[in-house]
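> Going down the list, the sequences are from chains V and U. Residue 119 in the working numbering sits at position 70 of the first sequence, with consecutive numbering throughout. Residue 106 in the working numbering sits at position 51 of the second sequence, with consecutive numbering throughout. Glycine included, each C-beta is placed from N, C-alpha and C at the ideal position. Please read these numbers as outputs of a predicted model, since none were measured by experiment.
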Amino acid sequence: GEEVAQTPKHLVRGEGQKAKLYCAPIKGHSYVFWYQQVLKNEFKFLISFQNENVFDETGMPKERFSAKCLPNSPCSLEIQATKLEDSAVYFCASSQLQYNEQFFGPGTRLTVL
Amino acid sequence: AQKVTQAQTEISVVEKEDVTLDCVYETRDTTYYLFWYKQPPSGELVFLIRRNSFDEQNEISGRYSWNFQKSTSSFNFTITASQVVDSAVYFCALSGYTSGTYKYIFGTGTRLKVLA
């Protein structure tokens, strides 16, 4: 598509529950990025993919977070055993080249109660 | 290490005033890219401009203009004759080549409030 799509728009989970977020990048874009934004402040980089391969995962809290980009499927970001501090807006972005401008999806607001 | 500093946390102006948002960056890379994004109250992030390190020409797009100065490591953004619709958080970002990959670093953002 012409825009980055993210689902769901909102997600509410009890502490300890699993959360799964989805992202469909713009067609033709090889790179997908996930960011976490807390309280409309800075963007924390989580992970990036080049097609279905992990490109950079230096920002991922690996104990509970995992992500995938499989062929012919939306990319996903999964949080096992959510904690209160995981409450944030999670943005997905895609780009044609790794250093190009990134185009962002509308975000998924995760609220952990 | 790469860093992007947006020292202005929040700016308020009255409609029709000009306003400049500052962005100072640090990088050891000779090739890098600078960006500005706008995040309106609705929450989505909108790409505004990309500049590469080889091109110091200033750019103007309607009421928006950008001043890139390598000598001061700055990439400032000016809105002329501001409007209420310009109210948003503006992020400056840097993409530089570090340890075999391009790292994308965002500043902490400047919240612009344009009052009618």
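1) Is there a Cβ from chain U that is less than 8 Å from the Cβ of PHE98 (chain V)?
2) Any contact of the region 63–75 of chain U with the region 88–108 of chain U, i.e. 3+ C-beta pairs under 8 Å?
3) Which bits of chain C does ASP105 (chain V) rub up against, with CB to CB less than 8 Å?
4) Taking the runs of the alpha helix (DSSP H) that are 4 residues or longer, which of them lie wholly in the region 117–163 of chain U?
5) Quick one: using the 10 Å Cβ neighbour count with 16 as the cut-off for buried, is LEU100 (chain U) buried or exposed?
6) Which stretch, first to last residue, makes up the beta strand (DSSP E) that contains TYR148 (chain V)?
7) Going by C-alpha distance, which of U:LYS125, U:TRP91, U:THR135, U:GLY155 is nearest GLU72 (chain U)?
8) Have a look at V:THR56, V:VAL53, V:GLN55, V:GLU64 and flag the residue whose alpha-carbon is nearest the alpha-carbon of GLN129 (chain V).
9) Determine, using beta carbons only, whether GLU150 (chain V) comes closer than 8 Å to chain U.
10) Considering only the beta carbon of each residue, do THR157 (chain V) and LYS58 (chain V) sit closer than 8 Å?
11) Only counting the same chain, and skipping five residues up and downstream in sequence, which positions put a Cβ closer than 6 Å to that of ARG62 (chain V)?
12) Helix, strand or coil for ASP110 (chain U), going by three-state DSSP, please let me know.
13) Which same chain residues, not among the five before or five after GLN145 (chain V), have their C-beta less than 8 Å away from its C-beta?
14) Can you look up ASP135 (chain V) in the DSSP assignment and give me helix, strand or coil?
Let me lay it out:
1) no
2) no
3) Looking at the structure shown, chain C is missing, and the protein chains on hand are V and U.
4) none
5) Buried, because 16 or more other Cβ atoms sit within 10 Å of the Cβ of LEU100 (chain U).
6) Unbroken run through TYR148 (chain V): none, as it is neither H nor E.
7) U:THR135
8) Taking only the C-alpha atoms, the option nearest GLN129 (chain V) is V:GLU64.
9) Yes, its Cβ sits closer than 8 Å to a Cβ of chain U.
10) Yes; because the gap between Cβ atoms is below 8 Å, this pair is in contact.
11) ALA68, THR131, VAL161
12) Coil, per DSSP.
13) GLY77, HIS78, SER79, TYR80
14) ASP135 (chain V) falls in the helix class under three-state DSSP.
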